[in-house]
Amino acid sequence: MGSVNKINCFRCKHFSTTWNPVFPRACKAYGFKTKEVLSTYIKKVTGAECMQFQPKSPANRNHSSGFQSRFNLRL
Numbered sequence: 001m002g003s004v005n006k007i008n009c010f011r012c013k014h015f016s017t018t019w020n021p022v023f024p025r026a027c028k029a030y031g032f033k034t035k036e037v038l039s040t041y042i043k044k045v046t047g048a049e050c051m052q053f054q055p056k057s058p059a060n061r062n063h064s065s066g067f068q069s070r071f072n073l074r075l
């Protein structure tokens, strides 16, 4: 058995969400929308792993850019 390195589409810069509840996930690189996990769908349709995965840059992620909430959640 080979190693299992599942692609996390939520961490890909090509991933986006849509307004359509029937097709809530989209891949800008491949140009399609689906309800399934995108990398799983690509594997099922093509038989190959996703070749377009590119990690989001750290600047696009709130916890990496020093984002701090102004809400005080202490009760």
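Residue 32 in UniProt numbering sits at position 32 of the sequence shown, and the numbers go up by one each step. Cβ coordinates follow ideal geometry from the N, Cα and C atoms, glycine included. Bear in mind that the values here come from a model prediction, so they are computed numbers and not experimental data.
Assignment of S57 by DSSP, reduced to helix, strand and coil, places it in the coil class. Within the model, the alpha-carbon separation for T17 versus P24 is close to 6 Å. In this structure, the beta-carbon distance from S57 to I7 does not fall below 8 Å. In this structure F53 is buried. Its beta-carbon is surrounded by 16 or more other beta-carbon atoms within 10 angstroms. Just measuring C-alpha positions, the residue of K35, G31, R11 sitting nearest V22 is K35.
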